[in-house]
Amino acid sequence: MELRQLRYFLAVAEEGRFSRAAQRLHMAAPSLSQQIRALERELRVPLFERTPQAARLTSAGDVLVERARVILAEVDRALVDVRVTGADSREQVTLRVATMADLVLDGPLRHAALAIDGVEVSVSSGRGDDALEAVRQGRADVAIVWSRSYPQRDLAGLVLGSVVFGVVLPLAHLLSGAAEVPVAGLAGEVLVMFPREPFAGIWDRAVDHVFPAGAARDRVVVEPNLLNAPEAVLRAVAAGTGVALTILGLVDHLGIEGIVVRPLAPALRWDLEAVWRAPATPAVRRLVDFLVESSRGPQTLIEPVDRPGDGQRHAEVRA
Numbered sequence: 004m005e006l007r008q009l010r011y012f013l014a015v016a017e018e019g020r021f022s023r024a025a026q027r028l029h030m031a032a033p034s035l036s037q038q039i040r041a042l043e044r045e046l047r048v049p050l051f052e053r054t055p056q057a058a059r060l061t062s063a064g065d066v067l068v069e070r071a072r073v074i075l076a077e078v079d080r081a082l083v084d085v086r087v088t089g090a091d092s093r094e095q096v097t098l099r100v101a102t103m104a105d106l107v108l109d110g111p112l113r114h115a116a117l118a119i120d121g122v123e124v125s126v127s128s129g130r131g132d133d134a135l136e137a138v139r140q141g142r143a144d145v146a147i148v149w150s151r152s153y154p155q156r157d158l159a160g161l162v163l164g165s166v167v168f169g170v171v172l173p174l175a176h177l178l179s180g181a182a183e184v185p186v187a188g189l190a191g192e193v194l195v196m197f198p199r200e201p202f203a204g205i206w207d208r209a210v211d212h213v214f215p216a217g218a219a220r221d222r223v224v225v226e227p228n229l230l231n232a233p234e235a236v237l238r239a240v241a242a243g244t245g246v247a248l249t250i251l252g253l254v255d256h257l258g259i260e261g262i263v264v265r266p267l268a269p270a271l272r273w274d275l276e277a278v279w280r281a282p283a284t285p286a287v288r289r290l291v292d293f294l295v296e297s298s299r300g301p302q303t304l305i306e307p308v309d310r311p312g313d314g315q316r317h318a319e320v321r322a
């Protein structure tokens, strides 16, 4: 059993689907499936129950997943310890980014690996709950996640800012010329959404915001093509399936025709937070400072968090 296979196995276990795990690992889904099959043959037990919709852990997979996390965390720590012994080495810090947050911070994340003196940043993306758990278990040093619920505030954190979502309309929609779209005007619309499973909190809050009186079953349509999100959802709107929600400013860079994006009234906002285990190491603090500074830049889609008397500072949350 190779460490590489353990990393592949853990990615599938955390993502719940081979396609999402393959995207996270930057490899083809058939190749990933072959690697998992080889691991199962070596162990002589099935690790996943496979369906067209999901890959669920078997009892043997449940046993292996926790051991794999511990093994890989120890290996990663050992690599860091070895690297920092070199005079010219940089301290390695791992950063996990929740799905969709990587779209908001695309520019800073692409430069994080080289932009911080003395720190080497390894960035990967995944579901928000998995990112938080990775920090708790020491498999990641810092995570960027969407607004945490109260029970999730066991980690130190800092609000980088808020992200505003607007409504995507077909170009011929009656409200396409409005400066902003009232939520009440969407009561009879069909809402096209990404799959709920990877980010249930965002999904539920979005549907509740658009349909405050409750959504009928036929009023929400799920676009399952998460690999090509958000483009797949936007193209469904352009084809006349319904309306959708998207981060304001994101669509401008995608070049999809036949749609317009308008602000909502009332506005729909979600906070983005950086979280870590306290006390923060100097390298973690430098990474967090870099994220704070980057979130203020024009290349992001984040609005700063205003505090009374100091609109430039970011709200910090202690565990």
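Here the sequence shown is numbered in my numbering, starting from 4 and rising by one per residue.
All C-beta atoms in this analysis are idealised placements derived from N, C-alpha and C, irrespective of residue type, glycine included.
These numbers come from a predicted model, not from an experiment.
Taking only runs of the alpha helix (DSSP H) that begin and end inside the stretch 27-63, which ones reach a length of at least 4 residues, in chain order?
32-46
Within this structure, are the beta carbons of residue 189 and residue 213 separated by less than 8 Å?
yes
Say whether the stretch 276-291 touches the stretch 126-138, bearing in mind that this needs 3 or more beta-carbon pairs closer than 8 Å, one atom from each stretch.
yes
Taking DSSP as the reference, what is the three-state secondary structure of residue 270?
strand
Other residues of its chain near residue 251: CB distance less than 6 Å, five sequence neighbours each side excluded
167, 169
Quick check: the stretch 94-103 against the stretch 118-135, are there 3 or more CB pairs under 8 Å?
yes
Burial state of residue 47 (16 or more Cβ within 10 Å)
exposed
Residues in the same chain with beta-carbon distance under 6 Å from residue 247, minus the five sequence neighbours each way, listed in chain order, please.
171, 195, 236, 240
Jot down the residue ranges of each uninterrupted alpha helix (DSSP H) in the stretch 98-146, minimum 4 residues, whole runs only, in chain order.
104-107, 109-118, 131-139
Along the chain, where does the beta strand (DSSP E) containing residue 164 start, and where does it finish?
159-173
Taking its Cβ as the centre, do 16 or more other Cβ atoms sit within 10 Å of residue 90, making it buried, or is it exposed?
Because the pLDDT of residue 90 is 43, which lies under 50, any placement of that residue in the model is unreliable, and the number read from its coordinates should be weighed accordingly. By the 10 Å Cβ count, residue 90 comes out exposed.
Beta-bridge pairing of residue 95 - partner residues as DSSP gives them:
123
Should residue 73 be counted as a contact of the ligand ADP given a C-beta to heavy atom distance under 7 Å?
The ligand ADP is not part of the structure shown, which contains no ligands of any sort.
Using only CA atoms, which one of 203, 8, 192 lies nearest to residue 219?
192
For residue 16, which residues of its own chain have a beta-carbon under 7 Å away from its beta-carbon, when the five flanking residues on both sides are left out?
60, 64, 68
Out of 111, 55, 22, 197, state which residue places its alpha-carbon closest to the alpha-carbon of residue 33.
22
Is it buried or exposed for residue 121, if we count other Cβ within 10 angstroms and need 16 for buried?
exposed
Output yes or no for whether 8 Å exceeds the beta carbon distance between residue 106 and residue 147.
no
Residue 70 to residue 233 span [Cα, whole Å]
34 Å
Can you tell me where the beta strand (DSSP E) with residue 248 in it begins and where it stops?
246-250
Since residue 184 and residue 271 should fall inside the 8 Å C-beta cutoff, what is the C-beta to C-beta distance between them, to a whole number of angstroms?
Wrong, their Cβ atoms sit about 11 Å apart, outside the cutoff.
Compute the Euclidean distance between the alpha carbons of residue 49 and residue 43, then round it to the nearest angstrom.
5 Å
Same chain only: Cβ atoms within 8 Å of residue 30, ignoring 5 sequence neighbours per side:
none
Roughly how many whole angstroms lie between the Cα atoms of residue 376 and residue 161?
In this structure the chain extends from 4 to 322, so residue 376 is not present and cannot be described.
Nearest-angstrom Cα distance between residue 163 and residue 307?
7 Å
Excluding the five sequence neighbours on either side, which residues of its own chain have a C-beta within less than 7 Å of the C-beta of residue 153, listed in chain order?
none
Quick one: is residue 56 buried, meaning 16 or more other Cβ sit within 10 Å of its Cβ, or exposed?
exposed
Can you tell me where the beta strand (DSSP E) with residue 254 in it begins and where it stops?
Per DSSP, residue 254 belongs to no beta strand (DSSP E) and is neither H nor E.
Where does residue 78 sit, in a helix, a strand or coil, going by DSSP?
helix
Hey, residue 253 and residue 304: beta-carbon distance below 8 Å or not?
yes
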